[in-house]
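Everything in the sequence shown is counted per the working numbering, starting at 3 for the first residue and increasing by one. Quick reminder that beta carbons are idealized off the backbone N, C-alpha and C, glycines included. A short worksheet on the structure shown next.
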Amino acid sequence: MIFEKVSELMRTFPKGSRLLGLDVGKKNIGIAISDLGLKIASPNSNLKRTKLKKDLESLGQIVLDKNIGGLICGLPINLDGSEGKACQSVRQFAKDVNTELAIGIRFWDERLSTVAVERVLIQEANLSRYRRSQIVDKVAAVYILQSALDYLSSN
């Protein structure tokens, strides 16, 4: 089920499970996982997108292996607050995930998350363009998931 509020997602959340953060792009899906206490997000992997069925199978395996009870899915809203083609694509992917995995999903505004992550990777970590391209999606997923976890802990 896709929820409008984090509190609604958490009401259906199985005790002792984790949240999965997703940064869904055209080529990759960045994946982050929370700790059991739902306080800290950590990078997990970048899933190279292929066919939808294979993407859903790979995601389903992570959900099973890591005891995932819900998803926080980054939604690339435009700076003016409108939703473009990228949002439509992410919403459709989330519907497909919901149909296939029957897991609670909450969208999270990810405006500028990749830009913020790239800036940190350039300025603080001093990573090459090639190395950044390998990790930016999963680090963006951490950024998205950590934002949701921080919201949860303060509300």
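Smallest Cα separation from residue i: which of the options?
i, options, result
"asparagine 29", "Met12, Gly39 and Leu49", "Just to set this straight, residue 29 is lysine in the shown sequence, not asparagine. Checked all of Met12, Gly39 and Leu49; the closest Cα to lysine 29 is Leu49."
"serine 155", "Leu58, Met12 and Ser47", "Met12"
"serine 47", "Leu58, Ile35 and Lys56", "Ile35"
"arginine 113", "Asp25, Gly71, Arg20 and Arg51", "Asp25"
"isoleucine 103", "Ile31, Leu61 and Gly83", "Contrary to the premise, residue 103 reads as leucine rather than isoleucine in this sequence. Of Ile31, Leu61 and Gly83, the residue nearest in Cα terms is Leu61."
"valine 141", "Glu10, Ile31, Leu21 and Lys17", "Ile31"
Rounded to whole angstroms, how far is the Cβ of residue i from the Cβ of residue j, which I believe are closer than 8 Å?
i, j, result
"leucine 73", "isoleucine 105", "6 Å"
"glycine 23", "leucine 147", "3 Å"
"asparagine 69", "serine 149", "Rounded, the Cβ-Cβ distance is 22 Å, inconsistent with contact."
"isoleucine 4", "asparagine 100", "6 Å"
"tryptophan 110", "glycine 71", "In fact, because the Cβ distance is near 16 Å, the residues do not count as touching under 8 Å."
Can you give me the C-alpha to C-alpha distance between residue i and residue j, rounded to a whole angstrom?
i, j, result
"aspartate 152", "valine 144", "12 Å"
"aspartate 2", "isoleucine 33", "Lying before the first or after the last residue shown, residue 2 is absent from the chain, which here runs from 3 to 157."
"isoleucine 107", "valine 138", "22 Å"
"cysteine 89", "isoleucine 64", "24 Å"
"asparagine 80", "glycine 86", "7 Å"
"leucine 58", "glycine 27", "14 Å"
"aspartate 37", "threonine 14", "18 Å"
"serine 9", "arginine 51", "30 Å"
"serine 91", "proline 78", "10 Å"
"lysine 56", "leucine 21", "21 Å"
"lysine 17", "glutamate 6", "21 Å"
Counting pairs of beta carbons, one from the stretch 89 to 96 and one from the stretch 36 to 44, are three or more of them closer than 8 Å?
-> no
At 4 residues or longer, and completely inside the stretch 39 to 73: list those alpha helix (DSSP H) runs for me, N to C.
-> Taking only runs of at least 4 residues, the alpha helix (DSSP H) segments lying wholly in the stretch 39 to 73 are 54 to 67.
Where in the stretch 4 to 38 do unbroken runs of the alpha helix (DSSP H), each at least 4 residues long, occur, reported from the N-terminal end onward?
-> 8 to 13
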